[in-house]
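These notes are about the structure you will find just below.
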Amino acid sequence: MPELPEVEVCRLGIEPELVGQLIHTVVIRTPRLRQPIPPELVPLLTGARILAVRRRAKYLLLDCAGPGGEGSVLIHLGMSGNLRFVPPGQPIEKHDHVDLVLSTQILRLADPRRFGLVLWQPGPPALSLQHPVLASLGVEPLSAAFTVDCLRQAFSRRHGPVKPVLMDGKLVVGIGNIYASESLFRAGISPLRPASGISRPRCELLVAAVRETLSDAIAAGGSSIRDYVHSDGGAGCFQVQAAVYERAGEPCRRCTGQVRQIRQAGRSTYYCPSCQH
DNA sequence: ATTCCCTCCTGCGCGC
DNA sequence: TGCGCGCAGGAGGGAA
Numbered sequence: 068m069p070e071l072p073e074v075e076v077c078r079l080g081i082e083p084e085l086v087g088q089l090i091h092t093v094v095i096r097t098p099r100l101r102q103p104i105p106p107e108l109v110p111l112l113t114g115a116r117i118l119a120v121r122r123r124a125k126y127l128l129l130d131c132a133g134p135g136g137e138g139s140v141l142i143h144l145g146m147s148g149n150l151r152f153v154p155p156g157q158p159i160e161k162h163d164h165v166d167l168v169l170s171t172q173i174l175r176l177a178d179p180r181r182f183g184l185v186l187w188q189p190g191p192p193a194l195s196l197q198h199p200v201l202a203s204l205g206v207e208p209l210s211a212a213f214t215v216d217c218l219r220q221a222f223s224r225r226h227g228p229v230k231p232v233l234m235d236g237k238l239v240v241g242i243g244n245i246y247a248s249e250s251l252f253r254a255g256i257s258p259l260r261p262a263s264g265i266s267r268p269r270c271e272l273l274v275a276a277v278r279e280t281l282s283d284a285i286a287a288g289g290s291s292i293r294d295y296v297h298s299d300g301g302a303g304c305f306q307v308q309a310a311v312y313e314r315a316g317e318p319c320r321r322c323t324g325q326v327r328q329i330r331q332a333g334r335s336t337y338y339c340p341s342c343q344h
């Protein structure tokens, strides 16, 4: 489900509830996610305190310190994961896989498709970025490091269509299938255009478009597409504003044309052929 | 090195 | 009503 904005909205929602809290117990009901949940998580986290809640790409990082030492919990929500606070005694539902039991509430991870991850990186918070799943990730699109030069460098050796390239986390993180289409629409760039051939002025447009699209989505509370829910249970509302995503055949919001749906690298792409070149 | 295809898994909407 | 099919926010691995 979640791309960068949804993960960031989730982080913003859970951070004030989690920081400073003591973890009473951890319950792993379903260890089999995309990778097995490391069983040592239970003894390591029992009695530990949560010091910070950070985000890197689409991963949430819970920095913890306790009797078993310090380390960070890495959580990825995959396609269908969500984190919610529930009161003690809340009945377990079918896809509730992990509980972080705090003093007055439980942080519960549910993930029907089980494409998510819960991992552990021992050591101080700075070391968490060296975990194998994080070590070779690209630049954060909302950081100062995401510049036109950075994007041009990344595009220079990529001769395939720009849309799948934009989704490659080795270059830029956090841009998934929705926001790739939306950002390209905002920049007026065709998803079919070869990445390496995009001019500097167009790269400038794209950097700005990615930043704006992601920030707007965060401000709007994340996407409400399909089963996305906030940690407090409220739905996001970005879909209302989606310019092209899942709007095949509908009128473009900017011109009189129709939104078209194509397939790229196995994923649906939406764009307006008359606005995007 | 880059690019595409497949896979992991469940649920949903659609056509028949 | 029910069944089969295709598709769905991700991302890593392997083949070409």
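According to our numbering, the first sequence is numbered sequentially starting from 68.
Even for Gly, the Cβ is constructed at its ideal location relative to N, Cα and C.
Open item on the list: Quick check on Ala286: does DSSP put it in helix, strand or coil?
Closed with: helix
TODO: Consult DSSP for Asp235 and reduce its assignment to one of helix, strand or coil.
DONE: coil
Task: Cβ pair Ala59, Leu238 closer than 8 Å - done: There is no way to answer for residue 59, as the model of the chain reaches only from 68 to 344.
Open item on the list: If contact is defined by three or more beta carbon pairs under 8 Å, each pair taking one atom from either stretch, is the region 168-184 in contact with the region 138-157?
Closed with: yes
Task: Lys125 classed as buried or exposed, judged by whether at least 16 other C-beta atoms fall within 10 angstroms - done: buried
Task: Buried versus exposed call for Thr323 [16 or more other C-beta atoms within 10 Å across all chains shown] - done: exposed
- [ ] Would you mind stating whether Leu112 and Gly133 have Cβ atoms separated by less than 8 Å?
- [x] yes
Open item on the list: Please report the distance separating the alpha-carbon of Ile142 from that of Ser263.
Closed with: 33 Å
TODO: Within its chain, find whatever has a CB closer than 7 Å to the CB of Glu75; leave out the 5 residues flanking it on each side and keep chain order.
DONE: Arg122, Ile285
Task: Where Gln88 falls: helix, strand or coil (DSSP) - done: coil
Open item on the list: With the cut-off set at 8 Å, would you say Ala315 and Arg327 are in Cβ contact?
Closed with: yes
Open item on the list: My output table needs one value for Asp163: the three-state DSSP class, helix, strand or coil.
Closed with: strand
Open item on the list: Is the beta carbon of Arg267 closer than 8 Å to that of Val215?
Closed with: yes
TODO: Please work out which residues of its chain come closer than 7 Å, Cβ to Cβ, to Tyr312, disregarding the five sequence neighbours upstream and downstream, and give them in chain order.
DONE: Ile245, Ser248, Glu249, Tyr337
- [ ] Would you kindly work out how many angstroms separate the C-alpha atoms of Pro69 and Leu273, rounded to a whole number?
- [x] 21 Å
TODO: Go ahead and label Ala174 buried or exposed: buried means 16 or more other beta carbons lie within 10 angstroms of its beta carbon, across all protein chains shown.
DONE: Per the sequence presented here, residue 174 reads as Leu, with Ala not at that position. It is buried - the Cβ of Leu174 has at least 16 other Cβ atoms within 10 Å.
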